[in-house]
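Here the sequence shown stands for residues 695 to 746, numbered as in our numbering.
Just so it is clear, CB atoms sit at the ideal spot from N, CA and C, and this is done for glycine as well.
One structure is given below, encoded as structure tokens.
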Amino acid sequence: MVKKTSTEDKKMIIDLIAKLAILILGVSIYDSNQNLAVFIILIGLLAILLDK
Numbered sequence: 695m696v697k698k699t700s701t702e703d704k705k706m707i708i709d710l711i712a713k714l715a716i717l718i719l720g721v722s723i724y725d726s727n728q729n730l731a732v733f734i735i736l737i738g739l740l741a742i743l744l745d746k
């Protein structure tokens with residue numbers, strides 16, 4: 695296995711945080727606007743799945 699550079703690791707961590715933030719945003723909106731929240735959560739999950 696090839697060791698990644700620290701910049702790639704940082705980018706991966708930032709991407710992960712951004713995706714988690716999208717999911718958390720969706721959950722926080724869920725109380726007031728469920729349709730929008732579900733849409734945001736689906737986008738977040740899709741981003742995580744496509745990143746693999």
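Around the Cβ of I718, a 10 Å sphere holds fewer than 16 other Cβ atoms; the residue is exposed.
A direct Cα-to-Cα measurement between F733 and T699 gives close to 34 Å. Short of 7 Å from the beta carbon of L730, and not among the five residues preceding or following it, lie these beta carbons of its own chain, in chain order: I723. Just so you know, the alpha carbons of M706 and S726 end up roughly 32 Å apart. Secondary structure note for T701: its alpha helix (DSSP H) is the uninterrupted segment S700 to I723.
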